[in-house]
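Worksheet: one structure, shown below.
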Amino acid sequence: MPKSVKKPCTTQTSISRYFGGLSSSSSSSRPQCGIKANPAEHRLSRGKLKLSSGDEDGLPSKRTKLAVKGQQVEDVQCEPGPSQSVKEAKPTLSRGGGGGRGGLCSSTLEKLKGFSCMMADPFLRAIEDETKMDDRSGKSSNMRSSVSPSFVDSHQQISKTLPGTEKKRDYETQNHDEEDPELAVTNLGFCLSKITKSGGREGGKVAESPSDSSAPCRRSRSTYTPLEQQVMELKQQHKDVLLAVECGYKYRFFGEDAEIAAKELNITCHLDHNFMTCSIPTHRLFVHVRRLVSHGHKVGVVKQTETSALKASGTNRNALFSRQLSALYTKSTLVGEDVNPVCRVADVEEGGCADVVSDPPDSFLLCISENWDKVKKQLSVGVVAVQPSTGDVFLDCFPDGPSRSELEGRILRINPVEVLVPSDLSDQTSKLLLSIANASAQTDDRIRVERRDSAEFEFTSAMNAVVKFYCHTPEKDSRSLSSVASFDSPVICCLGPLIQYLQEFNLERVLRNESSFRHLSSESGGMKLSAATLRNLEILNNQTDGSVRGSLLWVLDHVRTPFGRRLLRKWVSQPLTEPQCIAERQDAVQEMMESDSITLNSIRSLLSHLPDLERGICSIYHGKSSTQEFFLICSSLSRLGLELQALLPAVQAQIRSSLLRSLLLDTPDLLAPAHGFLKVLNEKAAKSGNKTELFSDLSGFPTLQERMNQIQSVLAEIQAHRKEVRLVLKAPALDYVSVSGQEFLIEVKNSLSTIVPPDWVKISSTKTVSRYHSPLLVERYKKLQQLREQLLLDCQREWTRFLDQFGEHYHTMKRAISHLATTDCLLSLAEVAKQGNYCRMGASDNIFKGRSTFMEELTEASEIISQATERSLVILDELGRGTSTHDGIAIAYATLEYFIRDVKSFTLFVTHYPPLCELEQVFPQHVSNFHMAFLLSEPDVTTDDGEVQPEFITFLYQLTKGAAGRSYGLNVARLADVPDPILHTASRKARELESLVNARRKYKKLLSALWSICDKSSLKKWLQSNS
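Residue numbers (this note's numbering): 97 to 1123.
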């Protein structure tokens, strides 16, 4: 086996890397390696080289191919001297397509001896990849080979010698998904002059020509297929995106994108040409995009922007189909036809859409900015949260401390699925985001963090983006620049990057609307719940696995609609504080509980099995709705409007609640615009997605009407042509047939083929019949296909305009859906009011933030102290635990005294520290002690062997006035099945400690009484009583 001598040459990039060879460098700056007179041999693994020796000029009649699997092969750049010769390795050579070992004939070997590295250029060109050279920049990549002038001249000479070769190459380049079926020899950087042995025989030395010895062999751009080059260019523009590229009836991933997609989607990934690739069928795109997005990836869909018939009639008919990025998707931006399939309710109930990743109740995108005020030495945080799928926008600005408790509370309330932050985000905020993300047990539920250039978050840059956005393309109800400029600077620092980010997804339109912006802190005058409150009271999520199950929201959630569920979450996280609003809601719930009205039952039925109307109208507003989704949403809105209109007399007569009456009476008028849009549509075409027949009345669409007339004219010519065809074939009953998508075929029995005119074109045939197109049919059918494709483009434009017209009623429709959501939430509360439910309470440490339980509780206590007012309800549970007894008592005592004396809030303070009970004597008008009642069944006793048995008590769970005489923790330990030996030891130790404490108390009391004695008689009484 010959040995391999490796030279320091440029090597080919590994296929597992992103598309190699994209960076360019000067050819003169790259190292070259000369092959010296000493024998240098290159070893190939599983190589196969096909050569034809039948050509008189020594040129092959077929392209030579070399397939190498599983190995990287080095580029060898040759620069030998005039008299140098090279002894080469022994690749297996075979003639034709055979795979066996065979020798080359002597004439072929003699001809090969005359080729050097550069003299072989014409031969290499004949066997190189079919694509043409593209050296527009004048520089080549360090992974490519340059082409000498003699190479091009020789190629032109070969083209003349082999007519039709270039045309064939260009044709082959466009086929097989625009990719070459095998790797060309030049892809591996080999020169044929290195081959000197074949078929096990020793070969002679190959002489090298001195004329071209100075020109190195380098890989050219054409080593990549046109499709690969196109994908490489797209990847350079979108480096952080997984690109799904449309290729015929499937979408393909390339390179590392393919490896990631294959792993996440559990599909096969394989090597094809230069890169790994995997594919998914077109009709399953929405399933796979949602899966990739749910795992935190940003996914781009690349579609063909040309149609075949129009391209065939254009000047670039022989070029590759143009492609461009048509949509981007992340967790918060799942809006569009690619990811919003319309499933019937029956399909969902039967599990027909079980493999589709469902939308979370909320999909907010949250942008965070931090600004440090050097003068005030205070951190100001700005947040802007937008839900592109529903159009909701919240903003806020607030000071925050090192614990980021204020920010945490807002994040828990908003519950974002994606967060936009600057690249220089502080460590404290980064730890907070990490802790919140890791709180979810499911990977799909974790927050996706998008880090952007910190320069975008600077005030100047952000303000420029805001001014540019709000000063151009104004629309009705859009926010004026003056109102936006009045926002706090931290909010502007969020709004600017958010605008730029959403523009990448074409979802920025929701930021233009005045009615969408709401301040998070003062929304509807609701109560502000801190992060500690939301977490410890398990308002939105449980503390076991972070899911909704077991939380207060889960208990109250009996809603029937997705938009009702989103509103209920807002209600729970921000309770009402205005007495009038609370009373109105209570009246509505009470009436729903007590009333047996058929009207309310009808409304319950109307709200069942509705699609997500809120997200549906927002998708239409963005112009990203499919015909199926539009018809489903519009028909649902129209049906609701008509049925509620029919219930108006009953509502006016039977409903007493002012809140319910206003909701139900206003909704039908708000839904009225949906009727007109629904009447225009052809139901069958809308459900099938056929935009060419979508509009039942074309009077309002003159462009489509004209295009349809043109198509009918061509069809009439084709139909009229049948008379001539029948005369030629002498078949009066002949009619056109359609086979495999080919229309207007003239079918003739093979036995009658002699009467077929010679200028007719055979399209297809079987054993018995042949099918033809006459010259007129060829020309007219081509024209018909062009008109049909043009009609599709016209229909798409008209469809976009139609969606824009519906979007003008977006805010009206959104208000109507808000009324329906409120009604749904009231019905849910009425159902819960009939039940008894309890939620767990508790606190824990936060290991992800690096804070212990004690630190976590003191942080929460500090937040409560700073925000509590006289109108607050303060609940503190076991404050002071986690440190020494003295420190814990001191902290608890001082904190409770502060709330009693200074804050004067209504406070529930739960503690096991007896000294705190003394505050009842200090503040008798403001403090009362209470304990949970119990029944002492068996007091603790000492057995004969000295073991102490703990007492046995029964907890009564009744709040009783007065402080508890002692703690009964050992009885709780017994209920928890702590082993008896441990209980006995604990009881003995508890008695010892209790005796010691009682002795100290008695001693202190005696000293206090002694210190108060001031005469002899009092001293005698003290001695007598304590003797």
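Where is the CB? At the ideal position from N, CA and C, for every residue including glycine. Just so you know, these numbers come straight off a predicted model, no measurement behind them.
Tell me the DSSP secondary structure of residue i in three-state form.
i	result
F378	Checking the sequence, you will find Thr at residue 378 rather than Phe. Correct three-state label for T378: helix.
N609	strand
L660	The sequence given here places Gly at residue 660; Leu does not occur at that position. Looking at G660 - three-state DSSP - the assignment turns out to be helix.
M623	coil
I1109	coil
V628	Reading off the sequence shown, one finds Ala at residue 628, where the question assumed Val. Of the three classes helix, strand and coil, the one that applies to A628 here is helix, per DSSP.
Q838	strand
L591	helix
S753	coil
K1101	helix
T1081	helix
F898	helix
V431	coil
D683	helix
For residue i, which option in the options has the closest C-alpha, if you only look at C-alpha atoms?
i	options	result
G351	Y345, L323, G344	L323
L760	T896, M623, S914	S914
Y717	G642, Q815, S485	S485
M623	L1032, T965, A1069	T965
L462	V471, V477, K470, K472	V477
Tell me, please, which residues DSSP counts as bridged to residue i.
i	result
A340	V397
T981	DSSP, once it has assigned bridges, lists no residue as partnering T981.
L416	None; L416 has no bridge partner.
D973	V1006
G615	In the sequence on display, residue 615 carries His and not Gly. In the DSSP output, where bridge partners are listed per residue, H615 has L491.
N467	S476
F371	D368
E514	L461, R544
V833	L841
H905	For H905, which the question treats as bridged, DSSP gives no partner whatsoever.
T1050	L1031
V423	The identity of residue 423 in the sequence shown is Ala, whereas the question assumes Val. Answer is V397.
S861	S866
R1087	None, per the DSSP bridge assignment.
K1057	F1026
R348	V341, S375
A481	L462, F490
F791	L777
D496	L475
Can you tell me whether residue i is buried or exposed, with buried defined as 16 or more other CB within 10 angstroms of its CB?
i	result
W468	exposed
S465	buried
L603	buried
Q615	The sequence given here places His at residue 615; Gln does not occur at that position. Its Cβ having fewer than 16 others within 10 Å, H615 is exposed.
L922	buried
H379	exposed
S501	buried
C1110	exposed
D831	exposed
N362	exposed
E690	exposed
Q173	Reliability fails at Q173, whose pLDDT of 39 lies under 50, so the model's placement of it is uncertain and no value is given.
T525	buried
G344	exposed
Leaving out five residues before and five after residue i in sequence, what residues of the same chain have Cβ atoms less than 6 Å from its Cβ?
i	result
V397	A340, S422, A423, D434
H391	E360
F286	Annotation note: pLDDT 36 at F286 (below 50); position unreliable, coordinate value reported separately. For F286, where only same-chain residues beyond five positions count, there are no Cβ hits under 6 Å.
N511	D458
Can you name, in chain order, every residue of its own chain whose Cβ lies under 8 Å from the Cβ of residue i, other than the five neighbours on each side?
i	result
T695	L743, A746, V747, Q750, I751
A782	T723, Q724, F726, F727, L790
S849	S866
R757	V747, Q748, I751
Does the distance between the C-beta of residue i and the nearest non-hydrogen atom of the ligand MN fall short of 7 Å?
i	result
N638	The ligand MN is absent from the structure shown, which contains no ligand whatsoever.
Starting from the C-beta of residue i, find all residues in its chain whose C-beta is less than 7 Å away, skip the five residues before and the five after it, and write them out in chain order.
i	result
S612	G487, D488, V489, V606
V685	L922, L925, A926, A929
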